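Numbering (our numbering), first residue to last: 193 to 851.
Written as structure tokens, this is what we have:
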């Protein structure tokens, strides 16, 4: 591997197709947009609302809207914008995401031309602040069972929007407590005495002076662990009259006489189609979590390159933190995973832009594949963020606990990412059920399990395919010799084959267990699935590991610079072998490895750490996060401390410890 890496080439690769969007944010977002440590919740809310209005017109998450309404008709650019805002201030990113991703996105995706003409320009410009009121106190992930009702009255040609009990109040709603003037409210549509499932309405909630409108009760969700600048609130509706034309009726229409019609006849399929159009929010959350992780790793790596701890008998200087194997074991595998997830996210954003960015009809198969990939990667990225930011906090010692060093706010602000836009455990089940259905479609019926009504309502028809580098991956796998023990663990084909074999074995095992359950508990469909829930979650996690590795391989295939390519190959080795090492118990239990090979993998990982140590700073600098954005005092003060200590030592001060 070359000693010198052209940092500009690495940054160019990581910036990807939307490099201009990234650079525009780096150029325009200055110190004004950085977090303020120690401010109160009220101060944070006021500051974030003001900054949202000050975002330069060429930036922001409104890029996805059509140009005729003030956007850029660029879905991918809106996702990249959310990643860049996340590196500046996560409250600003979430506030923008509520306004343009959730609220505005719902109006664009679920409304029709009359809604677009009436509201999108003001939503894009920020003249109308809005909320996305889906989650209820009693129903979060199970959106199909929301209890809020919206009942049509042909006499008045209005809907009656009502919260029947406290558990049905809209809860944790961003923009609700302070700034929201309108809300997209999700409720059960009832007309002519029949329910037609969950639909969405555009509902005013405050007047021009900011007072709640009649029948609307607004409360504050209260103090939170993080995201202080986002005004989460609660909404309750007491028989609020909503005009008929405020139904966002792209997928379901109500005529003046109350007759319901829809281009999608099945209530469940219609519901999932509606939610599928909102997948952009899930992709944004995953990307923002990875962006925050990059910031944390950059702070920890740079600190580890200037902070010294303990000396050795043969040296006058103490040892840099980053030179300790234990420290490398913390930082480098996490950094390798961050790189892998970066390439997976880049591939996902490109797919989202292709599927939802055109004017033609959306391909159902591509849409379902997109939804599953977004669900799995969102879970992987947000869990990785939670683990890695905590590790970075510990890697910086006591300094990492100080607010002025950014890590505590990154930790607090991203913690909820594992929950919103879909609870991670629920999202993994969505991925697993798609895999199981794909198995059924390819290999035949799942017998009794396939007919269980409980499962049939939730499993979506889906066949997941390989990622972008399909031909390259198949070539690498086919080149692997027959005897695994004779293949180097750094052979890319062997790594790909190992990930694929684990996923396939787990999936086959889950199918067998489901079939056995169906044979003994055919009248207990919930128990059939619940008994193997742990297994199917493991299937989903293995699947995401596999597609992430494939995306990394695709990224390497697209790398033209030889030195950058060589570096990424070693980082990819570290990612693949770290995942294998973390799951070596499974590989040993299932006879995939001998104990000797398992031990050898750990030895190779340690060797990779030593090989990558000289490039540790280069790898985080590749993220191209402006120094100002890191906003960590330790990165400004430590060099000055070193200079002062060195001056004391040179002057003969016996109390000075030369760093």
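A virtual CB, placed ideally from N, CA and C, is assigned to each residue, including glycine. Nothing here was measured: the structure is a model prediction, and the numbers come from that model.
Just curious, the beta strand (DSSP E) that residue 351 is in, first and last residue? Within the chain shown, numbered from 1, the residue matching residue 351 stands at position 159. That run of the beta strand (DSSP E) goes 350 to 354.
Judging by CA-CA distance, which residue of 824, 342, 365 is the nearest neighbour of residue 596? To locate residue 596, count along the chain shown from 1; it is residue 404. Out of 824, 342, 365, 824 has the C-alpha closest to the C-alpha of residue 596.
Which residue comes first and which comes last in the alpha helix (DSSP H) that contains residue 705? As a working mapping, residue 705 is identified with position 513 in the chain shown. 684 to 712 is the extent of the alpha helix (DSSP H) around residue 705.
Collapsed DSSP secondary structure at residue 316 in the structure displayed: Within the chain shown, the letter at position 124 stands for residue 316. Three-state DSSP puts residue 316 in a helix.
Applying the criterion that 16 or more other CB atoms from any shown protein chain within 10 Å of the CB defines a buried residue, is residue 194 buried or exposed? The residue you call residue 194 lines up with position 2 of the chain shown. Note on residue 194: under 16 other CB atoms within 10 angstroms of its CB, so exposed under the neighbour-count rule.
Based on the DSSP output, what are the partners of residue 412 in its beta bridges? Numbered from 1 along the chain shown, position 220 holds the residue referred to as residue 412. Answer is 425, bridged to residue 412.
Should the stretch 479 to 498 be called in touch with the stretch 507 to 517, which here means at least 3 C-beta pairs below 8 angstroms? At 8 angstroms Cβ cutoff, the stretches touch.
Would you please state the rounded distance, in angstroms, between the beta carbons of residue 450 and residue 344? I believe it to be under 8 angstroms. Taking the first residue of the chain shown as position 1, residue 450 is located at position 258. Taking the first residue of the chain shown as position 1, residue 344 is located at position 152. Indeed they touch by this definition, with Cβ atoms about 5 angstroms apart.
Looking at residue 376: is its Cβ nearer than 9 angstroms to the Cβ of residue 318? Along the chain shown, read from residue 1 onward, the residue named residue 376 stands at position 184. Along the chain shown, read from residue 1 onward, the residue named residue 318 stands at position 126. Taking 9 angstroms as the Cβ cut-off, residue 376 and residue 318 do not qualify as a contacting pair.
Taking the straight line between their C-alpha atoms, what separation do you get for residue 332 and residue 587? Residue 332 sits at position 140 when you count from the first residue of the chain shown. Residue 587 sits at position 395 when you count from the first residue of the chain shown. Those two C-alpha atoms are separated by around 35 angstroms.
Can you give the Cα-Cα distance for residue 790 and residue 312, rounded to whole angstroms? Taking the first residue of the chain shown as position 1, residue 790 is located at position 598. Taking the first residue of the chain shown as position 1, residue 312 is located at position 120. Their backbone Cα atoms lie some 57 angstroms apart in a straight line.
Are at least three pairs of beta-carbons, each pair with one atom in the stretch 425 to 438 and one in the stretch 349 to 359, less than 8 angstroms apart? Yes, they touch.
Start-to-end residues for the beta strand (DSSP E) that takes in residue 466: Numbered from 1 along the chain shown, position 274 holds the residue referred to as residue 466. Element bounds for residue 466: not the beta strand (DSSP E) but the alpha helix (DSSP H), 459 to 468.
Tell me whether residue 364 is buried or exposed, calling it buried when 16 or more other Cβ atoms sit within 10 Å of its Cβ. The sequence position of residue 364 within the chain shown is 172, counting from 1. Around the beta carbon of residue 364, 16 or more other beta carbons lie within 10 angstroms, which makes this residue buried.
Give every residue of the same chain whose Cβ lies closer than 6 angstroms to the Cβ of residue 373, excluding the five residues on either side of it in the sequence, and list them in chain order. For the purposes of this step, residue 373 is taken as the residue at position 181 of the chain shown. Taken in chain order, the residues that qualify are 320, 321, 398.
Residues near residue 705 by beta carbon distance below 7 angstroms, same chain, minus five either side: Position 513 of the chain shown, counting from 1, holds the residue named residue 705. The beta carbon of residue 705 sits closer than 7 angstroms to the beta carbons of 724, 727 from its chain, once the five residues preceding and following it are set aside; these are given in chain order.
Starting from the Cα of residue 524, find the closest Cα among 200, 821, 806 and give me that residue. Within the chain shown, residue 524 is the residue found at index 332, counting from 1. Nearest option by C-alpha distance: 806.
The ligand FMN and residue 606: does the residue's C-beta get closer than 8 angstroms to at least one heavy atom of that ligand? Of ligands this structure carries none, so the ligand FMN is not represented either.
Measure the alpha-carbon distance for residue 146 versus residue 448 and round it to whole angstroms. Nothing in the structure corresponds to residue 146, since the chain is present only between 193 and 851.
Status (buried if at least 16 other CB within 10 Å, exposed otherwise) for residue 786: Along the chain shown, one-based indexing puts residue 786 at 594. Exposed, since its Cβ has fewer than 16 Cβ neighbours within 10 Å.
So, do the stretch 537 to 546 and the stretch 467 to 484 have three or more beta carbon pairs nearer to each other than 8 angstroms? Contact annotation: the stretch 537 to 546 touches the stretch 467 to 484, with at least three C-beta pairs closer than 8 angstroms.
Along the chain, where does the alpha helix (DSSP H) containing residue 557 start, and where does it finish? Numbered from its first residue, the chain shown carries residue 557 at position 365. Start and end: 556 to 587.
Locate the alpha helix (DSSP H) running through residue 764, then write down its first and last residues. To locate residue 764, count along the chain shown from 1; it is residue 572. It spans 754 to 774 - the alpha helix (DSSP H) in which residue 764 sits, taken as one unbroken run.
In the DSSP output, which residue or residues are listed as bridge partners for residue 487? Mapped onto the chain shown, residue 487 falls at position 295. According to DSSP, which records beta bridges pairwise, residue 487 is partnered with nothing at all.
Curious, which full-length beta strand (DSSP E) runs of at least 3 residues does the stretch 786 to 818 contain? None, since the stretch 786 to 818 contains no complete beta strand (DSSP E) of that length.
Look at the alpha carbon of residue 733 and the alpha carbon of residue 722, and state the distance between them as a whole number of angstroms. On the chain shown, position 541 is the one that residue 733 refers to. On the chain shown, position 530 is the one that residue 722 refers to. Distance between the alpha carbons of residue 733 and residue 722: 17 angstroms.
Does the Cβ of residue 847 have 16 or more other Cβ atoms within 10 Å, making it buried, or fewer, making it exposed? By one-based count along the chain shown, residue 847 stands at place 655. Per-residue confidence for residue 847 stands at a pLDDT of 43, beneath the threshold of 50, marking its modelled position as unreliable; the derived number appears in the next sentence. A residue is called buried when at least 16 other Cβ atoms come within 10 angstroms of its Cβ; residue 847 does not meet this threshold and is exposed.
For the alpha helix (DSSP H) containing residue 288, name the first residue and the last one. Start at 1 with the first residue of the chain shown, and residue 288 comes out as number 96. Residue 288: member of the alpha helix (DSSP H) spanning 282 to 288, first to last residue.
Close beta carbons around residue 196, own chain, < 6 angstroms, minus the five adjacent residues each side: As a first step, residue 196 must be located in the chain shown, where it is residue number 4. Beyond the five residues adjoining it in sequence on each side, residue 196 comes within less than 6 angstroms, by CB distance, of no other residue in the same chain.
Classify residue 674 as helix, strand or coil using the three-state DSSP reduction. Along the chain shown, read from residue 1 onward, the residue named residue 674 stands at position 482. In this structure, residue 674 counts as coil in the three-state DSSP scheme.
Residues that DSSP places opposite residue 391 in a beta bridge: Locating residue 391 in the chain shown gives position 199, counting from the first residue. DSSP, once it has assigned bridges, lists 379 as partnering residue 391.
Assuming residue 606 is part of the alpha helix (DSSP H), what are its boundary residues? As a working mapping, residue 606 is identified with position 414 in the chain shown. Run containing residue 606: 599 to 606, per the alpha helix (DSSP H) assignment.
Euclidean distance between Cα positions of residue 228 and residue 411: Position 36 of the chain shown holds residue 228. Position 219 of the chain shown holds residue 411. When rounded, the distance between both Cα atoms is 26 angstroms.
Check residue 311 in the structure and name its three-state DSSP category. Position 119 of the chain shown, counted from the first residue, corresponds to residue 311. The answer is helix: DSSP assigns residue 311 an H, G or I state.
Give the list of continuous alpha helix (DSSP H) stretches no shorter than 4 residues that lie fully inside the stretch 230 to 285. Entirely contained in the stretch 230 to 285, the alpha helix (DSSP H) runs reaching 4 residues are, in chain order, 233 to 246, 267 to 280.
I need the boundaries of the alpha helix (DSSP H) containing residue 216, first residue and last residue. As a first step, residue 216 must be located in the chain shown, where it is residue number 24. Where residue 216 is concerned, the enclosing alpha helix (DSSP H) stretches over 211 to 220.
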